[in-house]
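In the order they appear, the protein sequences are chains X and F. Mapping of the first sequence onto the working numbering: position 187 corresponds to residue 187, and the numbering continues sequentially without gaps. Mapping of the second sequence onto the working numbering: position 62 corresponds to residue 1062, and the numbering continues sequentially without gaps. Note that CB positions come from ideal geometry on N, CA and C, so glycine has one too. All values reported here derive from a predicted model rather than from experimental measurement. Below: one structure, written as structure tokens.
2 protein chains.
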Amino acid sequence: MHIASPYLLFIGDATDQFAIKMARGVADWRPELCIGEYSIDGCTVTTGLEKLDIRQAATRGAKSFVLGFANSGGVLDKKWLPYILEALDNGMDIVSGLHDKLSDFPEVAAKAKAVNRQLLDIRHPKAEFITGTGVKRSGKRLLTVGTDCSVGKMYTSLSLEKSMKKAGIDVDFRATGQCGILIAGTGVAIDCVISDFLSGASESLSPDNSEDHWDIIEGQGSLSHPAFAGVSLGLLHGSQPDALVICHDLNRDHMRGLPQSQVPSIEETIKLNLEAAKLTNPNVRVAGIAVNTSSVSVEEGKTICARLSEQFSLPCVDPVRDSADSIVAALV
Amino acid sequence: MHIASPYLLFIGDATDQFAIKMARGVADWRPELCIGEYSIDGCTVTTGLEKLDIRQAATRGAKSFVLGFANSGGVLDKKWLPYILEALDNGMDIVSGLHDKLSDFPEVAAKAKAVNRQLLDIRHPKAEFITGTGVKRSGKRLLTVGTDCSVGKMYTSLSLEKSMKKAGIDVDFRATGQCGILIAGTGVAIDCVISDFLSGASESLSPDNSEDHWDIIEGQGSLSHPAFAGVSLGLLHGSQPDALVICHDLNRDHMRGLPQSQVPSIEETIKLNLEAAKLTNPNVRVAGIAVNTSSVSVEEGKTICARLSEQFSLPCVDPVRDSADSIVAALV
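Here it is in structure tokens:
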């Protein structure tokens, strides 16, 4: 699967920033892939990109119409179908990270066929995977792992990629979720893979490479999350990481979505992940800690990172407010 | 999903016992569900059940025609289609644990519709699952876990169920693989569930129950298997077991299918599983050890079990050669 760029990011009538997470992710990290955003009456948020309608975007060469909004359940509301059909008529592929499949809407499927354009349901892996082999692959790999879900593993991974590029390192960001796939233009939505192939799909995501090449693999879930630890473990084993970066969000009272579940400490998270990772790479080590400090002041954030850095004898940064340069410097 | 009994077990022209694992499992553990076996020219193995052809079995009331053979890849060979069509014509549902779906063969789908019979692809879960919640359920649960795949977790689970029934305990065997599903008549093939729903599907398998009721949950894979540990962890977290039984096969040089991977010790297996299980049930404990001693003499097997029992201060049995009575006695 390859998503053609440039993208027109469709954010509909969204009224909060969380609802346009997909669009924001790609606008933040790959503005060069985006030609603009398209919103309709009632929308109160923006990615900051230029506002264009479908015809304008097509004239400027837009190749993909990206559904940049999300909702719990991943439902594709029928009210968006006219916009999707218009984008197809204007020569664009359609990209969706929703659970509902574009191809399950007969009028969309028929139109895409008629105008010879693709429907890309990036949450639904199309590849045929094999079960994991555990066989060591060449090249180097870093996986971001978290104390919880949604603590900033994708942003940390992209920040690490940016720092590595700046340092002249041969590096690829490997996407494992729909937003990351949009950013990378390719990848595997690992939580949508049949369980039997979890490790195998994860292995296929970072194939053999040259010895000094780094894959920065986007982590998923958390080994301490009662709902998603299985996904995290399969990804960890298949990734065979040489290095882990521990991701943490200061502002978390309980595990995401589970009020009765405690967030583990950074120390526990390091221990759990190192022990599990050794099964497929005995030489794994922790390269650093990435903290989302957005809930406190910049100054307070810096103090917290400095304290954690001393406590664990590891580089510790907020990879969005600062950069991941210090983690990369210590790693290579 | 519910599989109607009695079954006619179709073993084709199989020539080794491993190839008819599905048929043997149900013949060994639920002979009362089986009306007989049906083999064709060239078959050199048997389940030990009475040999019947399709018409004879139908006359005696067979409700389901079970494909009792397996192969790597789970391919449904077209040479079996005439037998499947004949069974449909004789009023039976068709049950398959293969990867290939019965419903993907147009002539089979058409015939099943015409005669109003079901095609049950028991490896492909049909239920809609939700993601895990981690919320504690009432009743008691035991999960069998293994040092490796295919060490006897299903046979151990069934042996435990048998011992509990004998002791007058209210108990259900909960199947998580296609052979177990055939035996229980229901269940979820957990390694065929979409990864995101691993824990949620596992939770749904052993719902709230009365306080003194036990669910004996069939384990899958091993936390130490590089390909399948994610499945094992999701099942472990979703099962919320009060008790674990550690399953081990004496005759194992390396992890199944992976010559470079070492089999973990029983000690490591206990440690790994207890640590992980505590996330969703802090009161979890190990109830015993089940060893497949079939590679040594009965006497030697007994000596090994006695030694392990002493080493770990736990009941240790071969649940097929002996029974699981001592584990159940110590547990309740």
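For T1190 of chain F versus S1204 of chain F, is the C-beta distance shorter than 8 Å? Contrary to the premise, residue 1190 of chain F reads as Ile rather than Thr in this sequence. Result no, Cβ atoms of I1190 of chain F and S1204 of chain F do not sit closer than 8 Å.
Cβ-Cβ separation, L76 of chain X to D100 of chain X (assumed contact under 8 Å), whole Å:
4 Å
(message) For a quick check, are the C-beta atoms of V1095 of chain F and S1138 of chain F less than 8 Å apart?
(response) no
- Query: Would you say the region 293–302 of chain X touches the region 124–138 of chain X, given that touching needs at least three Cβ pairs under 8 Å?
  - Reply: Touching, no, given that fewer than three Cβ pairs across the two stretches are closer than 8 Å.
| Runs of alpha helix (DSSP H) lying entirely within the region 171–243 of chain X, each at least 4 residues, in chain order | 178–184, 198–205 and 229–239
task = For Y83 of chain X, collect the residues of the same chain with a Cβ closer than 6 Å to its Cβ; drop the 5 residues on either side in sequence, then sort them by chain order.
result = none
* Does DSSP classify A1023 of chain F as helix, strand or coil? -> helix
inquiry  = To the nearest angstrom, how far is the alpha carbon of I217 of chain X from that of L1120 of chain F?
reply    = Spanning the two alpha carbons is a distance of roughly 39 Å.
Go through its chain and collect everything with a Cβ distance to E161 of chain X's Cβ below 6 Å, but skip five positions before and after it. V171, F173 and I216
Practice item. Mark F1228 of chain F as exposed unless 16 or more other C-beta atoms lie within 10 angstroms of its C-beta, in which case mark it buried. Key: Buried, since its Cβ has 16 or more Cβ neighbours within 10 Å.
- prompt: Can you give the beta carbon distance from S1239 of chain F to D1148 of chain F, rounded, assuming they're within the 8 Å contact cut?
  reply: Actually they are not in contact, since the Cβ atoms of S1239 of chain F and D1148 of chain F sit about 19 Å apart, beyond 8 Å.
Checklist entry - So, does the CB of P1207 of chain F fall closer than 8 Å to a CB anywhere in chain X? => result no
What are the residues in the region 170–199 of chain X lying within 8 Å of chain F by C-beta distance?
I190, D191, C192, V193, I194, S195, D196, L198 and S199
Express the C-alpha separation of I1169 of chain F and L1236 of chain F in angstroms, rounding to a whole number.
23 Å
Under 7 Å from the C-beta of T131 of chain X: neighbouring residues of chain F
Correct list: A1227.
*asked:* I need the DSSP call for V1045 of chain F, collapsed to helix, strand or coil.
replied: coil
Check your understanding: Three or more C-beta pairs closer than 8 Å, one from the region 1009–1020 of chain F and one from the region 1043–1055 of chain F: is that the case here?
Key -> yes
Test: V1145 of chain F CB closer than 8 Å to a CB of chain X = Chain X, which has no Cβ nearer than 8 Å to the Cβ of V1145 of chain F, makes this no.
| query | Nearest to I327 of chain X by alpha carbon, out of X:S297, X:C247, X:G301 and X:E107? | reply | X:C247
Give the secondary structure of A287 of chain X by DSSP, where H, G and I count as helix, E and B as strand, and everything else as coil. strand
- Query: What residues from the region 210–221 of chain X come within 8 Å of chain F, judged by C-beta to C-beta, listed N to C?
  - Reply: For the region 210–221 of chain X, which is checked against every Cβ of chain F, not one residue is closer than 8 Å.
| request: On the DSSP bridge assignment, give the partners of T144 of chain X in chain order. | output: Looking at the DSSP output, T144 of chain X sits in a beta bridge with X:V245.
Original post:
Given a threshold of 16 other Cβ atoms within 10 Å of its Cβ, counted over all protein chains shown, does P106 of chain X qualify as buried or as exposed?
Top reply: Classification for P106 of chain X: exposed.
*Alpha carbon to alpha carbon, how far is I1325 of chain F from G1288 of chain F?*
Looking at the sequence itself, residue 1325 of chain F is Asp, so the reference to Ile does not match. C-alpha separation (whole angstroms): 11 Å.
> What three-state label does DSSP hand G12 of chain X in the structure shown?
Replying inline: strand
Handout entry: Sheet register partners of E310 of chain X (DSSP bridge)
Key = Its beta-bridge partners do not exist; DSSP assigns none.
* **Partner residues on chain F for T280 of chain X, Cβ-Cβ distance less than 8 Å** => Correct list: P1226.
Quiz prompt | Cβ-based neighbour list, L198 of chain X, same chain, cut-off 6 Å, excluding 5 preceding and 5 following | solution = G234
Notebook entry, point to check: Using a Cβ-Cβ cut-off of 7 Å (strictly less than) and excluding sequence neighbours within five positions of L1279 of chain F, which residues of its own chain qualify?
Noted result: H1237
Query raised in the report: Got a sec: which bits of the region 237–259 of chain X sit with their beta carbon under 7 Å from any beta carbon on chain F, in order along the chain?
Result: Under the 7 Å Cβ criterion, the region 237–259 of chain X contributes H237 and L258.
Exercise for the section: With distances taken Cα to Cα, identify the nearest neighbour of Y1155 of chain F among F:R1030, F:A1167 and F:V1284. Expected result: Between Y1155 of chain F and the set F:R1030, F:A1167 and F:V1284, the nearest pair of CA atoms involves F:R1030.
When you compare the CB of G1230 of chain F with every CB in chain X, is at least one pair closer than 8 Å? yes
| field | Where S157 of chain X sits in the DSSP three-state scheme | value | Helix, per DSSP.
Give the C-beta separation of D1013 of chain F and D1041 of chain F to the nearest angstrom, bearing in mind that I take them to be a contact with Cβ-Cβ under 8 Å. A Cβ-Cβ distance of about 7 Å is found for the pair D1013 of chain F and D1041 of chain F, placing them in contact under the 8 Å criterion.
Original post:
List, in order along the chain, the chain F residues whose C-beta lies closer than 8 Å to that of L119 of chain X?
Top reply: Per Cβ cutoff of 8 Å: no residues; L119 of chain X is ~20 Å from chain F at best.
Pick helix, strand or coil for I1094 of chain F, following the three-state DSSP scheme. strand
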